[in-house]
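Numbering (the numbering used here), first residue to last: 317 to 640.
Structure follows, in C-alpha cells:
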C-alpha cells in the first residue's frame with residue numbers, strides 16, 4: 317500500500333502536522349535536538365496522525381486544534397516506544413539503531429519523558445478540556461495495560477479475555493484518542509463521534525493482532541519467526557489459541573519452557589512456533605483480525621462519502637492483510 321500517495325491527498329494538513337511537530341519539539345538542549353532530529357529522520361508510517369487527519373478531512377477543513385491532535389497522538393506514541401526500547405533492551409527498530417542503543421538507555425527514557433511532556437504542553441496550550449481528557453485517558457490506559465501485561469507475563473496465565481483487555485488498553489486507547497479528538501474538533505454529531513470511537517477501538521485491536529501474528533511468521537532473511545513476545549514471556553493470541561487447543565501435558569511443557577528460558581534462547585521461539593503451527597494459532601488470530609477489520613469498516617459508513625473515507629477503508633483493509 318502506498319502511504320505516501322495517501323499523505324499527498326491531505327498534503328496541506330500533512331505539512332502543517334510536520335511543521336507543528338518540529339516546532340513543538342524544539343529544545344534548548346543541543347543533545348535533545350540531535351536525538352529529536354534522529355527520530356524524525358527515521359520515523360515510521362505515522363499511522364495514528366494519518367488516520368486522525370483523514371477522519372477530520374472527511375468532515376471538512378481542519379484547523380490548528382485538529383492538527384495539534386494529530387501531532388499529540390504521534391508524540392505520545394513515540395514516547396511509549398522510547399520507553400519500551402529501554403525495557404526490552406532493543407537495539408533496533410524498523411531496521412535502524414534505537415535511541416537507547418545509539419546513545420544510552422537514560423537518554424531514551426528522558427527523551428521519552430520530554431516527548432510526553434511536550435505533547436501535553438501542546439494540547440494544554442489549545443485550551444480545550446474535552447480534547448485534553450481524551451489524551452490523558454489514553455496515557456492512563458496505556459500505563460495500566462503495560463503493567464497488567466507485565467503482571468500476566470510473570471504468572472503466565474494470560475487468557476483470551478486478558479489478551480483483549482491488554483491490547484485494548486495498550487493499543488486501541490491511543491487510536492481512540494487520535495481519531496475521536498480529530499472528529500470532535502470538526503464538530504461531529506454524537507452519532508458520528510460514537511461510531512468513530514468504535515472504529516478506532518476495533519482498528520486498534522486489529523493493528524495489534526496483526527503485529528502479534530507477524531511475531532509467529534517466518535522472516536524472509538532467516539526463515540524463522542522473530543519470537544520476541546514469547547522470549548519476553550508475553551502470551552499473545554496465536555500462542556494462547558495454540559495452548560488452548562493443546563493437551564494438558566503439551567501445554568504444561570510449553571509453559572515450563574517459557575518460564576525457565578533465557579531471553580536469548582532461540583530454541584524457545586522455535587518450540588513456540590511449532591506449537592502455533594501444529595494447532596493453527598495464526599489461523600485463529602487471522603480470523604479474529606479479519607473480524608475486527610470488518611467491524612471497523614462498518615463504522616466508517618457513518619462518515620460522508622469522500623476520497624478521505626475511501627482512504628480510511630483502504631487502510632482498514634490493509635490492516636486485515638498479511639502485507640507488511
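We treat Cβ as the ideally placed atom computed from N, Cα and C, and that holds for glycine.
{"Asked": "Euclidean distance between Cα positions of residue 464 and residue 572", "Found": "21 Å"}
{"Asked": "Contact under 8 Å by Cβ, residue 577 with residue 584", "Found": "yes"}
{"Asked": "Terminal residues of the alpha helix (DSSP H) in which residue 505 lies", "Found": "From DSSP, residue 505 is part of no alpha helix (DSSP H); its letter is neither H nor E."}
{"Asked": "Whole-angstrom distance between residue 625 and residue 632, CA atom to CA atom", "Found": "10 Å"}
{"Asked": "Residue 554: first and last residue of the uninterrupted alpha helix (DSSP H) it sits in", "Found": "553-561"}
{"Asked": "For residue 408, three-class secondary structure by DSSP", "Found": "strand"}
{"Asked": "Reduced DSSP secondary structure (H/G/I, E/B, other) of residue 626", "Found": "helix"}
{"Asked": "Other residues of its chain near residue 621: CB distance less than 6 Å, five sequence neighbours each side excluded", "Found": "none"}
{"Asked": "Proximity below 8 Å, CB of residue 454 to CB of residue 490", "Found": "yes"}
{"Asked": "Where residue 413 falls: helix, strand or coil (DSSP)", "Found": "strand"}
{"Asked": "contact_flag[the region 514-532, the region 602-618] where n(CB pairs < 8 Å) is 3 or more", "Found": "yes"}
{"Asked": "DSSP-derived helix/strand/coil call for residue 643", "Found": "Absent from the model: residue 643. The displayed extent of the chain is 317 to 640, so no value can be given."}
{"Asked": "Reduced DSSP category for residue 461 - H, G, I as helix; E, B as strand; rest coil", "Found": "helix"}
{"Asked": "Exposed unless 16 or more other CB atoms sit within 10 angstroms - verdict on residue 623", "Found": "exposed"}
{"Asked": "Pick from 634, 586, 496 that is closest to residue 602, judged by C-alpha positions", "Found": "634"}
{"Asked": "For residue 421, the three-state DSSP class (helix, strand or coil)", "Found": "helix"}
{"Asked": "Straight-line gap, residue 397 to residue 374 (C-alpha atoms, nearest Å)", "Found": "29 Å"}
{"Asked": "Pair within 8 Å by beta-carbon distance, residue 597 and residue 555", "Found": "yes"}
{"Asked": "Range of the contiguous alpha helix (DSSP H) that encloses residue 396", "Found": "380-403"}
{"Asked": "Residue 414 versus residue 352 - alpha carbon distance", "Found": "12 Å"}
{"Asked": "C-alpha gap between residue 537 and residue 410, whole angstroms", "Found": "With a pLDDT of only 49 at residue 537, under the threshold of 50, the placement of this residue in the model should not be trusted; the figure read from the coordinates follows. Computed Cα separation, rounded: 15 Å."}
{"Asked": "Neighbour-count burial assignment, residue 321, 16 or more Cβ in a 10 Å radius", "Found": "exposed"}
{"Asked": "Continuous alpha helix (DSSP H) stretch holding residue 594: start and end", "Found": "582-594"}
{"Asked": "Residue 358 (DSSP reduced to helix, strand or coil)", "Found": "coil"}
{"Asked": "Residues of its chain near residue 434, where Cβ-Cβ distance is below 7 Å and the 5 sequence neighbours each way are ignored", "Found": "340, 341, 391"}
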